[in-house]
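Novice: My numbering puts the first residue of the sequence shown at 1156, with every later residue one more than the last.
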Amino acid sequence: MKVIGLLFGMEQTFPPALVERINSMDTGNVRAEFVRVGGIKMAELMKYDVILDRISQDIPFYRSMLKTAALGGTRVVNNPFWWSADDKFFNYSLAAKIGVPVPKTVLLPTKEHPPGTSAESMRNLIYPLNWEEIFEYVGFPAFLKPHDGGGWKNVYKVHDEREFFEAYNETGTITMTLQESIEFTEYYRCYVVGKKYVHIMPYEPRNPHHLRYVAGFSLTEQRKKQVEELCLKLVDALGYDFDTIEFAVRDDVPYAIDYLNPAPDAEITSVHQENFDWIVQTSALFLIEQAQLGRMVPKEYSWSNIMYMQDSDVLRKAAQKKSGSPAARKR
Ligand SMILES: Nc1ncnc2c1ncn2[C@@H]1O[C@H](COP(=O)(O)OP(=O)(O)O)[C@@H](O)[C@H]1O
Ligand SMILES: [Mg+2]
C-alpha cells in the first residue's frame, strides 16, 4: 500500500476533501491520511511515499523534516529544497530570460540594516542609490512589494516619488522590489498541477475578498491558449508541481505578476465550488500518479549521486518495512 500524507495548517476544507477523494477512488494500492510527526530522527525513513506540503512556509520544523523525507525518497510536493532557495525577484528575472512577459522590476536594498549589521556590513552598496534611474526604468504608478512574500502583506501601490518614499520608509528590514504597475483589463489566477494540468480562473483583485472570483470579463479561447502556454513554460522552469500563477492583461499581453505560490489558497470559501472541485479532483489524480510511481530521491543535487548508490539500500529497507519482503520493492 502506498501512502499519501497531507501536511497543512489552518486550512479547513481542502485537506479533508482531498483525503476523502483519494480514499474514495478505486486505486487498489493508494491511500491518503493527514501526516503525523513528532521528533524526527536523522536520516529517518518516513512512511509516506508522497507528501503534499501546504504549510512548511510558516513552520521551519516541517521544512526541515520534508528535506529529510525527500532524502528517503518521499516525493514531496513541492520540492522543499527549491522552495527554500527560490524568491520572487529571481523568478521575475527568470521569466524575463525565458520569454514570459513580466513587469519591469528592480530589487532594492533594505531601508534599514538587517539586525546585527551596520553601514560597514553594507560597504559594497552604492549610497545614495541612483533613484532617478530606478524611477525612470520602472515608471509610475508602481508596486512596492517584498522580494519574497505572500498574502498581500507589505504591498503598496505608489503613484509618484513622494508616495514611494513614504511607503519605502515603512519597510524596515524587508527586502523590497519596485515594479511597474500593469493597468490591466483582465486578470487571471491559474492553478497549475503536476506541470501539466492548468485551470484558469478569471479574478478581480480590485473587488472585496469574497467577490474576487466574480470578474466582469470572461476567458476567450485565444486567451486560454495563450495563458496556458505561459503557465506551462513557467512551471517547467521553476519545477513546481503545485502552484498558482497570476497574470494581469494589458493590451492583449498577459504579464506574470505572482507565481511563487507553492501552497496556494484552495479553501472553498475563497475559491468557490467549481474551482474547489477542480483542485480537489486534479490534486487527487496527480498525487495518486506520484504515489504509484513510487519513491524517488531528487536527482539534481550534489548529494544525489551518493544517494543513488545507496538508493537500492534505502528503497529496499522501505519495501521491507512495509511488506516484510525485499521483492516487494518497486520504483
Ligand atoms: N505589477 C503589478 N501590476 C498590477 N497589479 C499588481 C502588480 N503587482 C501586484 N499587483 C496587485 O497586488 C496584488 C498583490 O501582489 P502580489 O505580487 O500578488 O503579492 P502577494 O504575493 O503578497 O500576493 C496582486 O494580486 C495584484 O492585484
Ligand atoms: Mg498574490
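A virtual CB, placed ideally from N, CA and C, is assigned to each residue, including glycine.
Where does ILE1159 sit, in a helix, a strand or coil, going by DSSP?
Specialist: If DSSP states are grouped into helix, strand and coil, ILE1159 belongs with the strands.
Novice: Apart from the five residues on each side of it in sequence, which residues of its chain come closer than 7 Å, Cβ to Cβ, to GLU1166?
Specialist: The residues are ARG1209, GLU1422.
Novice: In whole angstroms, what separates the C-alpha of ALA1482 from that of THR1437?
Specialist: Caution applies to ALA1482, whose pLDDT of 48 falls short of 50 and renders its modelled position unreliable; the model cannot decide the point.
Novice: Mind listing, in chain order, the continuous alpha helix (DSSP H) runs of no fewer than 4 residues lying wholly within the region 1278 to 1340?
Specialist: Counting only runs of 4 or more, we get 1286 to 1293, 1316 to 1323.
Novice: Would you give the residue range spanned by the beta strand (DSSP E) that ARG1230 belongs to?
Specialist: First-last of the beta strand (DSSP E) with ARG1230: 1230 to 1232.
Novice: Using the C-alpha atoms, what's the distance from THR1182 back to LEU1161?
Specialist: Their backbone Cα atoms lie some 18 Å apart in a straight line.
Novice: For TYR1292, which residues from the same chain have a beta carbon less than 7 Å from its beta carbon, with the 5 sequence-adjacent residues on both sides left out?
Specialist: LYS1259, VAL1261.
Novice: If distances are taken between C-alpha atoms only, which option among LEU1385, HIS1354, ALA1446, LEU1280 comes closest to VAL1435?
Specialist: For VAL1435, the nearest C-alpha among the options comes from HIS1354.
Novice: Classify HIS1365 as helix, strand or coil using the three-state DSSP reduction.
Specialist: Helix.
Novice: Can you give the Cα-Cα distance for ILE1461 and ARG1191, rounded to whole angstroms?
Specialist: Whole-angstrom Cα-Cα distance: 29 Å.
Novice: Between the Cα of LYS1454 and those of ASP1241, GLN1447, MET1464, spot the shortest distance and give me the residue it belongs to.
Specialist: Per the Cα distances, MET1464.
Novice: Identify the continuous alpha helix (DSSP H) that holds HIS1268 and give its terminal residues.
Specialist: Per DSSP, HIS1268 belongs to no alpha helix (DSSP H) and is neither H nor E.
Novice: Going by DSSP, what residue range makes up the alpha helix (DSSP H) through TYR1217?
Specialist: Segment 1215 to 1226, the alpha helix (DSSP H) holding TYR1217.
Novice: Is there contact between the region 1171 to 1188 and the region 1437 to 1452, where contact requires at least three CB pairs shorter than 8 Å?
Specialist: As far as the Cβ criterion goes, the region 1171 to 1188 touches the region 1437 to 1452, which means the pair count is three or higher.
Novice: CB-CB under 6 Å to VAL1205, same chain, minus the five flanking residues each way: which ones, in chain order?
Specialist: For VAL1205, where only same-chain residues beyond five positions count, the Cβ hits under 6 Å are ILE1159, ARG1230, LEU1442, GLN1445, ALA1446.
Novice: Would you check if the distance between the CB atom of VAL1404 and the CB atom of TYR1342 is smaller than 8 Å?
Specialist: Contact: yes.
Novice: Can you say whether SER1457 is buried or exposed, counting buried as having 16 or more other CB atoms within 10 angstroms of its CB?
Specialist: Exposed: under 16 other Cβ atoms inside 10 Å.
Novice: Residue ranges of each beta strand (DSSP E) run of no fewer than 3 residues wholly in the region 1377 to 1437, ordered along the chain?
Specialist: Counting only runs of 3 or more, we get 1397 to 1405, 1408 to 1413.
Novice: Thinking MET1277 and LEU1299 are a contact (beta carbons under 8 Å), I'd like their distance in whole angstroms, please.
Specialist: Rounded, the Cβ-Cβ distance is 20 Å, inconsistent with contact.
Novice: Give a yes or no on whether the C-beta atoms belonging to ALA1411 and PHE1402 are separated by under 8 Å.
Specialist: A contact, by the Cβ cut-off of 8 Å.
Novice: Using DSSP with H/G/I as helix, E/B as strand and the rest coil, what is ALA1446?
Specialist: Three-state DSSP puts ALA1446 in a helix.
Novice: Under 8 Å between C-beta atoms, does CYS1345 make it to chain B?
Specialist: Any reference to chain B falls outside this structure, which holds one protein chain only.
Novice: Please report the distance separating the alpha-carbon of MET1156 from that of ARG1186.
Specialist: About 7 Å.
Novice: Assign VAL1307 to one of two classes, buried (16 or more other C-beta atoms within 10 Å of its C-beta) or exposed (fewer than that).
Specialist: Just to set this straight, residue 1307 is Trp in the shown sequence, not Val. Exposed.
Novice: For THR1186, which of helix, strand or coil comes out of DSSP?
Specialist: The amino acid at residue 1186 is misidentified as Thr; the sequence shows Arg. If DSSP states are grouped into helix, strand and coil, ARG1186 belongs with the strands.
Novice: Would you mind reading off the limits of the alpha helix (DSSP H) that contains ILE1206?
Specialist: No alpha helix (DSSP H) contains ILE1206, which is instead part of the beta strand (DSSP E) from 1205 to 1208.
Novice: Taking the alpha-carbon positions, what's the VAL1313 to PHE1295 distance?
Specialist: In a straight line, the C-alpha of VAL1313 is about 7 Å away from that of PHE1295.
Novice: How many Å lie between VAL1310 and PRO1301 at the Cα?
Specialist: Each residue's Cα considered, the two are about 7 Å apart.
Novice: Going by the DSSP bridge assignment, what does MET1356 pair with across the sheet?
Specialist: Answer is ARG1344.
Novice: Under a three-way DSSP split, which group does LEU1173 fall into?
Specialist: Helix, per DSSP.
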